[in-house]
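Written out below as structure tokens is the structure these notes cover.
Residue numbers (the working numbering): 16 to 121.
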């Protein structure tokens, strides 16, 4: 999986990701936005079949619907967010980090 971002001089953040590596945008201690995983359980959350809390302990939480390094072209999501402020924090991390913490703990 992969995630990356760039912040431009006009206070915009552009990011792209594939798989379950995430980008978090914090303003102070508040989570503003995070990327949505390309995973089986994220699809269940999106469809209203699981809560975020249930997804984090689901036995199939590691099944990806998109990633790099397969025979298929990877699915990726790119986004642009305007309104970055001085002091905002962007954090890229893999599931090796975010899986063990809540957004509040991060």
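Note that the Cβ used here is the ideal one computed from N, Cα and C, for glycine as well.
Note that this is a predicted model, so its numbers are computed, not measured.
Rounded separation between residue i and residue j - CA only
i, j, result
"residue 21", "residue 32", "12 angstroms"
"residue 89", "residue 40", "24 angstroms"
"residue 43", "residue 101", "10 angstroms"
"residue 56", "residue 19", "22 angstroms"
"residue 68", "residue 29", "28 angstroms"
"residue 107", "residue 81", "18 angstroms"
"residue 47", "residue 84", "30 angstroms"
"residue 126", "residue 91", "Coverage of the chain is limited to positions 16 through 121, which leaves residue 126 absent and any answer about it impossible."
"residue 104", "residue 66", "26 angstroms"
"residue 58", "residue 23", "31 angstroms"
"residue 37", "residue 86", "23 angstroms"
"residue 110", "residue 52", "10 angstroms"
Residue closest to residue i, alpha-carbon to alpha-carbon, out of the options
i, options, result
"residue 116", "59, 72, 61, 87", "72"
"residue 54", "68, 75, 64, 28", "75"
"residue 25", "103, 110, 105, 99", "99"
Exposure label - residue i; buried when at least 16 CB within 10 Å
i, result
"residue 61", "exposed"
"residue 78", "exposed"
"residue 95", "exposed"
"residue 112", "exposed"
"residue 34", "buried"
*Where in the region 21-76 do unbroken runs of the alpha helix (DSSP H), each at least 4 residues long, occur, reported from the N-terminal end onward?*
55-61, 67-72
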